[in-house]
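Residue numbers (the numbering used here), protein chains in the order written: chain F, 1 to 380; chain L, 381 to 476.
Using N, Cα and C, we set each Cβ at its ideal position, and we do this for glycine too.
Single-structure report; data block below.
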């Protein structure tokens with residue numbers, strides 16, 4: 001959720017808490033009403049690799065964290081008191097015993113539809129989709145995806161894909177219809193279900209896949225982050241391995257909106273964050289995807305780019321960020337927005353810093369430094 | 381059979397801090413001796429959730445976990461256990 005229920009109920013200024021998931025544990029950053037003063041707390045699960053942590057927007061109290069260690073297999077920790085106490089899932093996401101497949105880690109957590117309290121979805125590495133109906137205590141595979149006869153063709157082998165393993169991410173539940181869902185996979189592409197996950201079809205036309213012999217295949221793409229506008233769920237954006245794209249449903253062919261990025265920066269990156277009320281406004285964080293894919297800020301000069309016209313044009317927003325010799329980047333779950341009147345934007349870096357803007361990207365300040373490599377930043 | 385399990389620090393959150401636990405293990409299939417898999421099953425019944433952290437959903441010992449039965453490395457979950465045995469669980473991971 002974007003603001004605390006307590007603050008919203010009183011009509012007072014919203015208070016934002018950030019969940020900062022890192023390679024070595026989970027921290028929180030609690031802001032005051034002005035989003036000016038922040039308090040860092042933690043760690044929870046020190047030494048655990050926490051890929052994602054989310055709050056349940058339906059109750060404002062339940063938190064889930066996807067964790068594993070280098071030695072131990074993957075699990076889900078859950079709290080029903082906003083992180084004061086935690087219990088472990090009694091049945092974490094795991095593939096069927098006869099499938100031959102093994103969940104390496106849970107990568108993405110998504111609360112279910114508002115009409116289905118207690119329902120959560122999880123995406124794993126390698127690509128698997130799981131569902132909980134009891135607030136994350138127990139998980140079952142979504143057979144409509146995991147056992148789909150085309151799954152292997154869509155995804156490739158479990159050893160294929162990104163450096164940290166192939167992933168299922170960007171689980172989107174249509175706020176108008178719980179049976180209408182999207183998922184993203186690296187690799188695999190974007191897929192849609194209209195029957196609650198019973199069946200899936202690819203939705204990738206128009207998206208380049210320049211790492212494949214066929215530059216416009218039906219599937220096999222590498223979307224890094226897919227989101228739809230909270231204000232207009234038929235407006236989808238994706239930051240892809242091969243650029244930035246927009247799709248206005250019911251159309252099925254994506255439009256390349258990365259062409260307006262400066263040539264020296266390019267349209268490659270991992271995260272993408274959307275304005276909570278204006279479907280034409282979005283932010284991306286470009287990285288160097290040239291030559292051997294250094295995966296750092298282009299030229300060592302980090303910057304956010306904002307579009308206010310659906311991706312037709314982009315403007316650099318870097319005031320307050322290091323001007324030079326800053327070689328970090330931002331991962332796909334590590335940039336988000338709040339829902340304040342003047343939207344706050346937050347991102348966490350691979351070098352363990354959390355940066356914030358409370359004026360829609362115009363100016364930035366560092367909220368925390370010296371944390372471990374940050375995997376995800378979410379508003380709670 | 382009687383199984384003594386030496387629990388490493390990384391798993392003591394499951395055993396309320398106990399470094400050493402004692403279990404009675406019965407065979408779950410056939411008339412043969414209980415196996416290492418049976419021992420891990422008994423361990424999980426006593427301390428729910430522990431087994432999945434060290435053995436994956438296909439019954440394979442996870443890559444950075446080593447199991448030793450009476451000092452010898454155990455790689456096969458189907459291997460039989462003697463009437464009394466000590467199972468040592470080790471987290472073996474290098475790097476940062």
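Taking 8 angstroms as the threshold (beta carbon to beta carbon), is residue i in contact with chain L?
i, result
"residue 135(F)", "no"
"residue 3(F)", "Because the pLDDT at residue 3(F) is just 39, under 50, the model does not fix this residue reliably, and the point stays unresolved."
"residue 30(F)", "no"
"residue 71(F)", "yes"
"residue 92(F)", "yes"
"residue 381(F)", "Because chain F is modelled from 1 through 380, residue 381(F) falls outside the range shown and cannot be assessed."
"residue 289(F)", "no"
"residue 350(F)", "no"
"residue 360(F)", "no"
"residue 353(F)", "no"
"residue 100(F)", "yes"
"residue 336(F)", "no"
"residue 22(F)", "no"
"residue 75(F)", "yes"
Under a CB-based cut-off of 8 angstroms, is residue i close to chain F?
i, result
"residue 457(L)", "no"
"residue 438(L)", "yes"
"residue 390(L)", "yes"
"residue 397(L)", "no"
"residue 473(L)", "yes"
Would DSSP call residue i helix, strand or coil?
i, result
"residue 242(F)", "coil"
"residue 406(L)", "coil"
"residue 139(F)", "coil"
"residue 257(F)", "coil"
"residue 298(F)", "helix"
"residue 432(L)", "helix"
"residue 42(F)", "strand"
"residue 167(F)", "strand"
"residue 432(F)", "Here chain F covers residues 1 to 380 and nothing more, so residue 432(F) does not appear."
"residue 145(F)", "helix"
"residue 195(F)", "coil"
"residue 317(F)", "strand"
"residue 214(F)", "coil"
"residue 383(F)", "Because chain F in this structure spans residues 1 to 380, residue 383(F) falls outside the shown range and cannot be described."
"residue 78(F)", "strand"
"residue 19(F)", "strand"
"residue 203(F)", "coil"
"residue 473(L)", "coil"
"residue 422(L)", "helix"
"residue 112(F)", "coil"
"residue 417(L)", "helix"
Report yes if the C-beta distance between residue i and residue j is below 8 angstroms; otherwise report no.
i, j, result
"residue 272(F)", "residue 239(F)", "yes"
"residue 419(L)", "residue 401(L)", "no"
"residue 392(F)", "residue 63(F)", "Only positions 1 to 380 of chain F appear in this structure, which leaves residue 392(F) out of reach."
"residue 302(F)", "residue 321(F)", "yes"
"residue 261(F)", "residue 200(F)", "no"
"residue 188(F)", "residue 127(F)", "yes"
"residue 381(L)", "residue 467(L)", "no"
"residue 417(L)", "residue 452(L)", "no"
"residue 377(F)", "residue 335(F)", "yes"
"residue 387(F)", "residue 114(F)", "A query on residue 387(F) cannot be resolved here, the shown segment of chain F reaching from 1 to 380 and no further."
"residue 232(F)", "residue 247(F)", "no"
"residue 252(F)", "residue 203(F)", "yes"
"residue 390(L)", "residue 51(F)", "no"
"residue 354(F)", "residue 361(F)", "no"
"residue 257(F)", "residue 286(F)", "no"
"residue 139(F)", "residue 130(F)", "yes"
"residue 368(F)", "residue 29(F)", "yes"
"residue 227(F)", "residue 274(F)", "yes"
Closest to residue i by CA distance: which of the options is it?
i, options, result
"residue 125(F)", "186(F), 22(F) and 274(F)", "186(F)"
"residue 162(F)", "241(F), 50(F) and 346(F)", "241(F)"
"residue 370(F)", "113(F), 208(F), 207(F) and 40(F)", "40(F)"
"residue 437(L)", "252(F), 61(F), 266(F) and 91(F)", "91(F)"
"residue 341(F)", "33(F), 20(F), 29(F) and 21(F)", "33(F)"
"residue 86(F)", "20(F), 137(F), 338(F) and 217(F)", "137(F)"
"residue 310(F)", "244(F), 292(F), 286(F) and 289(F)", "244(F)"
"residue 423(L)", "476(L), 398(L) and 455(L)", "398(L)"
"residue 408(F)", "345(F), 154(F) and 284(F)", "Past the edges of chain F, shown from 1 to 380, lies residue 408(F), and the structure says nothing about it."
"residue 211(F)", "222(F), 204(F), 56(F) and 202(F)", "222(F)"
"residue 427(L)", "396(L), 388(L) and 444(L)", "396(L)"
"residue 383(L)", "434(L), 474(L) and 415(L)", "415(L)"
"residue 470(L)", "444(L), 456(L) and 458(L)", "444(L)"
"residue 98(F)", "168(F), 76(F) and 141(F)", "141(F)"
"residue 151(F)", "183(F), 338(F), 208(F) and 178(F)", "183(F)"
"residue 111(F)", "77(F), 58(F), 149(F) and 155(F)", "58(F)"
Can you determine whether any heavy atom of the ligand FMN sits closer than 7 angstroms to the C-beta of residue i, and answer yes or no?
i, result
"residue 412(L)", "The ligand FMN is not among the ligands present in this structure, which contains no ligands whatsoever."
(message) Any contact between the region 55 to 73 of chain F and the region 102 to 120 of chain F? By contact I mean 3 or more CB pairs, one from each, below 8 angstroms.
(response) yes
(message) Below 8 angstroms, how does it come out for the region 24 to 31 of chain F and the region 42 to 61 of chain F: are there three or more Cβ pairs, yes or no?
(response) yes
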